[in-house]
Amino acid sequence: MLARPRPIVIVILLALLAYAIALPFFGGTFALKFAARVMITGIFVISLDLLIGVTGLVSFGHALYFGLGAYSLYFISPVSAAANGFLAIPFAILLAGIVALIVGSVVVLTKGFYFIMVTLAFGQMGFSLFFDTKIAGGTDGAYINVRPVFSIGSQQLLNFSNRTAFFYFCLAALVLSYIFLLWLVRTPFGRVLQGIKHNEPRMSALGFNTYAYKLASYVIAGAMAGFAGMLFAAIDGYVAPELLGWRESGLAIMMVVLGGAGTLYGPVLGAILYSIVEETLKSSSELTAIFSLVMNGATAKWLGGIVANSWSMALGFFLIAAVLAAPKGIAGFIEKYAGEAKRARPREIAPSAEHRERAKAMQLEVENLSRAFGGLVAVNGVSVKFPPNKVHGIIGPNGAGKTTFINVLSGALKPTKGSIRLESEEIGGQKPHNVARRGLGRSYQRTNVLLPFTARENCALAAQAQFPSPFRFSNKWRRDEEDRAVEAALKAAGIAPERADMKASNLSHGEQRQLEIAMLIASGAKLLLLDEPLAGMGPEETGRVTALLRELSADHTIVLIEHDMDAIFAAADTLTVLVEGKLLAHGAPEEIRNNKAVREAYLGEWGREGKP
Amino acid sequence: MDLVLIQLLNGVQYGLLIFLAASGLTLVFGIMGVINLSHGSFYMLGAYGALTLTQFTGDIFLSLALGVPLAFLFGVIIEWLFIRHLYDRDHLQQVLLTFALILIFNEAQKLLWGSYPHSVPVPGYLQGGVKISALLTYPYYRIAVAAFCVAIALAMMFVIQKTRIGRIIRAGESNREMVEALGIDSRLLFRFVFAAGAALAATAGIVASPLESVYPGIGEPVLIISFVVVVIGGIGSIKGAFVGALLIGVADALGKVYFPAFSSSIVYALMAAVLIARPGGLFGRAA
Amino acid sequence: MHNKSRFTRRHALKMAGVGAAAAAFPFARPAISQGAPLRVGLLLPYSGTFAALGTAITNAMDLYVKQQGGKLAGRTIEWVKVDDESAPPKATELTSKLVQGEKVDVLIGTVHSGVAMAMAKIAREAGIPTLIPNAGANVLTRAQCAKNIFRTSFGNSQPGVAAGAAMIKAGIKTAVTYSWGYAAGEESVAGFKESFLAGGGKIIKELTLPFPNVEFQAGLAEIASLKPEAVYSFFAGGGALKYMQDYAAAGLKNSVQLWGPGFLTDGVEKAAGAAGEGVKTALHYVESLDNAENKKFRADYNAAFQRFPDVYAVQGWDTTMLLDIGLKAAGGDVKKQDDMFKAMRNAKFNSPRGPFRLSASQNPIHNFYLRELKGGENVYLGVAATDVSDPTAGWSGGESPRLPLVEV
């Protein structure tokens, strides 16, 4: 999970800030303009990093909002008078935000590469709107004749025509944008976005409506890009359709990657580096000056001329070198030498006297449930009842439809036919997050925790899922309650306190499986669906987890798929046998062991020997 | 002939040509998982290569016979120099590196061939065309190109469905580990696939050069439209690329007649519509 | 060991120095002292689709200055080149780099109209002497004209006006227009309509294709079904080449005449081959123009660059000529703007294109020639229209017609 920037990063950022603050005292007009443009680009690229680096949505159409913001200033500016900045800024943010809401509601339905392409498509449609029609000057672009002025009544507070004032405004806007996003990604809301990036199905299964979170992230990023675009239009008062085009979108991605996605400050450094490198490579005089540091003047001039003449090729080689040498961008380069980030110490909280109530769990009832894939019927007319506060095992040969069965129960797959009732409520066909919110939690056959997060952070996200409002920005609300749930879950699942603050990727396989169970406990689920929780465990771990399941059944209903026959027969209260998608038998372990049909179809030798 | 019929004909022919360009892209993306932004550059290099080769050979089809192996070899070199470092990296770095390759190829084109447009002659035996209306002739060369594209499409589907290399490719598409399990060096497979993708793009550039003429930046629209086709058809699906390309070609041709003001948005609108209805493309697995 | 570490440290210091220099350079620039060379900023495309045009313009300007011994009005000329990539989003910044960063004395640019719009914006604010050697956007010398901005090329509608007049003269009564649906194409078609309709012609349909799309088949099929006597088309560069080839291959060449502004054939005369035979265009230049300036210019240019000049080179040549006139009037001091601008505005000279002078809004008034593409060459058929001017009220004498951005 995104930590606060390390000291070395803070030092670098403060040094850059000091340089920027001092710039108006020694830089010329062009220096200020150039720096203002870089800072505006900085705001644009960190807004893109919220999508790419934080939420994991690679948008190839982000310039749509940048360009809309720029055009919004054209729309709101009178022909020969200044627009009021107090109106222009909210207008830009609103216009970009509303379009982002409309476009976003469609594009976040897609994933991965398809998301990249569908955002590109909407970006190009936006470009065509301004390029092929006359709504704002068409192909040749349009002028904003007077820059915005901030005034209340007749009192003028700030005029963008004043270069220095404009420069400081952009600087402040960049700093505030950075701080805002840094705060945002560390709120409960932002933590969910980060979870979605690493494992969306898991977040959904925990009960988060990932669609709403992704859409919110998309809209926030779009609105910020609109703000940046409005500032861009104010630099020189010229807007062109190309501002919305794929090149600008692509350039922003370059800067994010060059700087280091997911770090927020990295993309800003990327924007600075890219702009300076491009600027330098295009200028033979600058190149000559640089080369003359290492060679004689005539050679330097000759070489400078050649490089500047083919500057785009030089830029290409620079980018290749950068991506090969620093795969995680500038930020990755810095952090490699800065060592592992320090994480905040867990808060001390007073344990409550009795935090786990022994309570009645939930009953799950399935009737005539079927699920087909084309012609293949994976689950075929299964009817079974799982009473509360019991451990229910599901067994069957490979390909019997066990995992499909669980996927249908959890909402990951829609049933073709039949009904699923949790207590008395029908949950069949509902979205996974809705099913989860009713108290059904699940684990996966392959370990499915959020690897870059610590065990504690994983559980905190799960605990947060009890109250998963997409717009939850306070770290304080419900915090004690959640922290207690996390502590209790970690303890109950047997995660040692000294392992709780390690990244999940550094935990052993067994510990990761325990962590999955801890997450389910922390999430407050009352019915747990576990897909082979014992897979890959040694005898000692198996014993511990089996005991844990027994203990959990005091206040949970547990349904698990398992292949370890010794363990399941020992742990389960009831067993359900699936063969070729059909229910073969259901009953107490002893009944199943003695069931002839089950022995023939599945248990075979193991059953006959009558091993417990 | 009726105007709408003529437009359908144009759309199909244009679609077949973009299929040729898009098929390489869908293979590279589907099998290797590499987003290759420099795909359009191979198309451009094919077109410029055809210009130079035809000056020596005098016939576009001789240039094709020479150019395709050269393009394959060039693909192998580029894979060895750059692309192979990307397999374990995420998509963003592939985007950055292949974007850098575009910059380099464009500049190289300017240095080698200059900035003026050139044309590549249609061979003498394919001059002229079929009369399809009072004033309109449909050129033989366009018909030949369409036939060639159909032949390539059929050959590709045959290779993918019926041959050993096709089975390996299909295995690689669904599961990279499975390829390793079959005892095949996936590095070698990837090199082959990338080079084949480059050769397909160059093939499209070569056969299109007498139609398109040759000028700087010729590869860029091809890149974008190829991505659109790949996405509509479903990543990795040759059949999908074929259907997607025809769909785009026809939509574009008809759009130009019925909605001239919005014709540049039509292909994008079509793609967005397909993805909303089927988020994994027409013939792809849902992502 | 010791040596090695010292070397690496020194090496690292050097690298850091290079980095710091790179970081500082965009911002730190020495002031230009009086009597120094005259710095002329060139904002032109040196990469991308229009690179050939930028190069031709630059070549001709360089040739002119070299012939003057490297000096204009006694001042050594120093070119400061910036590649504008024909990308409008970068244009204002690149112009600022030349004007405020490089502190050039004169600004020359550019080819792409959108980039020129952006450039003109900054140029108006800064008041710097500015010459436009190609971009034809009408508005630059209409509503947005300014006393410091001069165009030596053409306004987009001018070639259209000339072509329309020539088509009427050729007895054509019905036409279809087919062009890229962006500003340059629309303005060109508007010019054509103006004179063609005035002469009693009828326009059956106006077809457009989004720029820079080159799939012409749909439009060609429609033209064939509309059966006009002629087609007026604005396409340029690689697109124009492909267009002529598709037009010929569709069999339209023999039944429907193809007309256009000269950009349809310029730069692709040879490449068009048989497909281009018989295409008629109107432009303010033709290779075989019979005047002394043109003959000398063609010979000199070919000797210097092993290539014959095109219309863009001529525009570059005239740009330098106009600048020379202005500088001479101001005694080489660009600060004397009144003298310089007055001389430039009233300049009349014989260009390779024939007589050249400027309108009130500082757009050329010049002849347009009717040309026909034959055997890889634009053959001179006669004058299509004399003294073509772009209609405009012109610069009113006071401030520029529209409010400039105010710098505090």
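Chains as they are written, first to last, in numbering that gives the first Met the number 0: chain A, 0 to 611; chain B, 0 to 286; chain C, 0 to 407.
Ideal placement from N, C-alpha and C gives every residue a C-beta, glycine not left out.
Per-residue burial, residue i [other beta carbons within 10 Å of its own, 16 or more giving buried]
{"i": "methionine 155 of chain B", "result": "buried"}
{"i": "isoleucine 134 of chain A", "result": "exposed"}
{"i": "phenylalanine 411 of chain C", "result": "As shown, chain C starts at 0 and ends at 407. That puts residue 411 of chain C outside it, with no answer to give."}
{"i": "asparagine 198 of chain A", "result": "buried"}
{"i": "glutamine 66 of chain C", "result": "exposed"}
{"i": "glycine 16 of chain C", "result": "Residue placement at glycine 16 of chain C cannot be trusted, given a pLDDT of 46 that sits under 50; what the coordinates show is reported in the next sentence. With fewer than 16 Cβ atoms within 10 Å of its Cβ, glycine 16 of chain C is classed as exposed."}
{"i": "isoleucine 24 of chain A", "result": "A small correction: the amino acid at residue 24 of chain A is phenylalanine; isoleucine does not occupy that position in the sequence shown. Classification for phenylalanine 24 of chain A: exposed."}
{"i": "methionine 294 of chain A", "result": "exposed"}
{"i": "glutamate 599 of chain A", "result": "exposed"}
{"i": "arginine 36 of chain A", "result": "buried"}
{"i": "tyrosine 257 of chain B", "result": "exposed"}
{"i": "tyrosine 18 of chain A", "result": "exposed"}
{"i": "asparagine 505 of chain A", "result": "exposed"}
Contact check, residue i vs residue j, beta carbons under 8 Å
{"i": "isoleucine 121 of chain C", "j": "threonine 91 of chain C", "result": "yes"}
{"i": "valine 255 of chain C", "j": "leucine 95 of chain B", "result": "no"}
{"i": "aspartate 104 of chain B", "j": "alanine 70 of chain B", "result": "Contrary to the premise, residue 104 of chain B reads as phenylalanine rather than aspartate in this sequence. No, Cβ-Cβ distance for phenylalanine 104 of chain B and alanine 70 of chain B is not below 8 Å."}
{"i": "glycine 180 of chain C", "j": "asparagine 155 of chain C", "result": "no"}
{"i": "glycine 235 of chain B", "j": "threonine 25 of chain B", "result": "yes"}
{"i": "alanine 325 of chain A", "j": "phenylalanine 332 of chain A", "result": "yes"}
{"i": "arginine 74 of chain C", "j": "proline 36 of chain C", "result": "yes"}
{"i": "valine 230 of chain B", "j": "leucine 199 of chain B", "result": "no"}
{"i": "glycine 225 of chain A", "j": "serine 71 of chain A", "result": "yes"}
{"i": "glycine 438 of chain A", "j": "methionine 361 of chain A", "result": "yes"}
Closest residue to residue i among the options (Cα-Cα distance)
{"i": "alanine 270 of chain A", "options": "A:Glu247, A:Thr287 and A:Lys281", "result": "A:Glu247"}
{"i": "valine 266 of chain B", "options": "B:Gly279, B:Gly283, B:Pro278 and B:Leu245", "result": "B:Leu245"}
{"i": "valine 382 of chain C", "options": "C:Lys373, C:Asp104, C:Ser178 and C:Gly353", "result": "C:Gly353"}
{"i": "arginine 344 of chain C", "options": "C:Ala271, C:Ala161 and C:Thr129", "result": "C:Thr129"}
{"i": "lysine 238 of chain B", "options": "B:Arg190, B:Leu80, B:Ser22 and B:Ser185", "result": "B:Ser22"}
{"i": "valine 10 of chain A", "options": "A:Thr279, A:Val44, A:Ala337 and A:Gly84", "result": "A:Ala337"}
{"i": "lysine 373 of chain C", "options": "C:Glu276, C:His111 and C:Ser187", "result": "C:Glu276"}
{"i": "valine 27 of chain B", "options": "B:Arg277, B:Tyr139, B:Ala107 and B:Thr97", "result": "B:Thr97"}
{"i": "glycine 113 of chain C", "options": "C:Glu101, C:Ala329, C:Lys102 and C:Thr94", "result": "C:Thr94"}
{"i": "serine 76 of chain A", "options": "A:Gly236, A:Phe226 and A:Leu93", "result": "A:Gly236"}
{"i": "leucine 582 of chain A", "options": "A:Leu183, A:Leu559, A:Tyr264 and A:Gly395", "result": "A:Gly395"}
{"i": "isoleucine 168 of chain B", "options": "B:Leu4, B:Val3, B:Leu16 and B:Met31", "result": "B:Met31"}
What are the start and end residues of each continuous beta strand (DSSP E) run of 3 or more residues lying completely inside the segment 86 to 164 of chain A, in chain order?
Runs found: 148 to 151 and 154 to 158.
Which residue spans inside the segment 276 to 342 of chain C form an unbroken beta strand (DSSP E) run of at least 3?
Segments of the beta strand (DSSP E) lying fully in the segment 276 to 342 of chain C: 279 to 282.
Meets three-Cβ-pair contact criterion under 8 Å: the segment 271 to 289 of chain A and the segment 121 to 131 of chain C:
Contact between the segment 271 to 289 of chain A and the segment 121 to 131 of chain C is not established, with fewer than three Cβ pairs separated by less than 8 Å.
With a floor of 4 residues, list each alpha helix (DSSP H) that falls wholly inside the segment 239 to 293 of chain A, ordered by position along the chain.
Within the segment 239 to 293 of chain A, the complete alpha helix (DSSP H) runs of at least 4 residues are 245 to 258, 264 to 281 and 283 to 290.
Run through the segment 87 to 175 of chain B for me and flag every whole alpha helix (DSSP H) of 4 or more residues, listed as ranges in chain order.
As summarised for the segment 87 to 175 of chain B, the continuous alpha helix (DSSP H) elements at least 4 residues long and confined to that stretch are 90 to 112, 139 to 161 and 163 to 173, given in chain order.
Under 8 Å, with one C-beta from each stretch per pair, do the segment 403 to 417 of chain A and the segment 150 to 164 of chain A reach the 3-pair mark?
No, the segment 403 to 417 of chain A is not in contact with the segment 150 to 164 of chain A.
Could you check whether the segment 80 to 95 of chain A touches the segment 203 to 213 of chain A, counting it as contact only if at least three pairs of C-beta atoms, one from each stretch, sit closer than 8 Å?
Not touching, per the Cβ criterion.
Quick test of the definition: if touching needs 3 or more C-beta pairs under 8 Å, does the segment 482 to 500 of chain A touch the segment 524 to 536 of chain A?
Output reads no: the segment 524 to 536 of chain A does not touch the segment 482 to 500 of chain A.
Would you call the segment 587 to 605 of chain A and the segment 562 to 577 of chain A in contact, with 3 or more CB pairs under 8 Å?
Because the criterion of three Cβ pairs below 8 Å is met, the segment 587 to 605 of chain A and the segment 562 to 577 of chain A touch.
Write down every uninterrupted run of the beta strand (DSSP E) in the segment 380 to 445 of chain A whose length is 3 residues or greater and which is fully enclosed by it, in chain order.
Listed in chain order, the complete beta strand (DSSP E) runs (minimum 3 residues) inside the segment 380 to 445 of chain A are 390 to 394, 416 to 421 and 439 to 441.
Contact the segment 501 to 520 of chain A vs the segment 445 to 453 of chain A: 3+ CB pairs below 8 Å
Enough Cβ pairs lie closer than 8 Å, so yes.
At least three beta-carbon pairs within less than 8 Å, the segment 94 to 112 of chain C to the segment 355 to 364 of chain C:
Taking one beta carbon from each stretch, the segment 94 to 112 of chain C and the segment 355 to 364 of chain C have fewer than 3 pairs nearer than 8 Å; the two do not touch.
Whether or not the segment 135 to 143 of chain B and the segment 116 to 125 of chain B are in contact is what I'm after, with contact meaning three or more pairs of Cβ atoms, one per stretch, closer than 8 Å; do they touch?
As far as the Cβ criterion goes, the segment 116 to 125 of chain B touches the segment 135 to 143 of chain B, which means the pair count is three or higher.
Assess contact between the segment 165 to 175 of chain C and the segment 215 to 235 of chain C, defined as three or more Cβ pairs (one per stretch) separated by less than 8 Å. Is contact present?
Yes, since at least three Cβ pairs between the segment 165 to 175 of chain C and the segment 215 to 235 of chain C fall closer than 8 Å, the two stretches touch.
So within the segment 478 to 545 of chain A, which uninterrupted alpha helix (DSSP H) runs reach at least 4 residues, ignoring any that extend past its ends?
You should have 478 to 491 and 508 to 521.
For the segment 110 to 118 of chain B against the segment 201 to 218 of chain B, do three or more pairs of beta-carbon atoms, one drawn from each stretch, fall closer than 8 Å, so that the two count as touching?
Yes: the two stretches touch, three or more of their Cβ pairs being nearer than 8 Å.
Let me know the alpha helix (DSSP H) ranges lying completely inside the segment 49 to 74 of chain C, each 4 residues or longer, listed in chain order.
Runs of the alpha helix (DSSP H) spanning 4 or more residues and lying entirely within the segment 49 to 74 of chain C occur at 50 to 66, in chain order.
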